[in-house]
Amino acid sequence: MSESNITDLELWKLIRITHDVVYKSRQRELYSNGVPMINPGILYAIHSLGKEATPTKIAERTFKERHSISEQLSRMENEGLIRKIKDLKYKNYLRVELTGKGYEIYEKLREHKSLKLIMSALTNQEQRELWFLLTKIRDKAIQV
């Protein structure tokens, strides 16, 4: 296919298929390392937000709907990965923190052999270019 023949829809399909294939590869790696089938982005968000982690901020950080995050947080709490804590200062706020088990899983998530292998298909320059292009697409999608 020549570059002039690529349609928006075909490009979108390729992005989705690529995402799905990479995601499945990553999930296989995580599962083989004893990591439950969870949304790794939520653990990353909780860890990076620290004491500021609330369901709303986690939803904003992961670009997910608040109700979807709340459901996932409940499952993660049932699995012993996180703890929900009522905020003492603001009674209607709910803080979220990693448990010891959750932190162990977070550390396992930081090992990403499959992603390194997949991304090695690109040079460092190509990775920077892809980052730039995907960021442009993401930012435009946020505006739409």
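Per this note's numbering, the very first residue in the sequence shown carries number 222; after that it's consecutive.
Note that the Cβ used here is the ideal one computed from N, Cα and C, for glycine as well.
Residue i to residue j span [Cα, whole Å]
i: Thr277; j: Ser291; result: 9 Å
i: Ala280; j: Ile259; result: 15 Å
i: Lys307; j: Lys272; result: 12 Å
i: Glu300; j: Leu330; result: 16 Å
i: His268; j: Leu315; result: 16 Å
Neighbour-count burial assignment, residue i, 16 or more Cβ in a 10 Å radius
i: Gln293; result: buried
i: Val317; result: buried
i: Ile326; result: buried
i: Ile263; result: buried
i: Ala274; result: buried
i: Ala266; result: buried
Nonlocal neighbours in the same chain, by C-beta distance under 8 Å from residue i, ignoring five residues either side
i: Glu298; result: Arg304 and Lys305
Residue j beta carbon less than 7 Å from that of residue i
i: Val256; j: Ile339; result: no
i: Gly323; j: Leu302; result: yes
i: Ser335; j: Glu231; result: no
Neighbour flag for residue i against chain C, beta carbons, 7 Å
i: Thr275; result: In summary, chain C is missing from the structure at hand, where a single protein chain is found.
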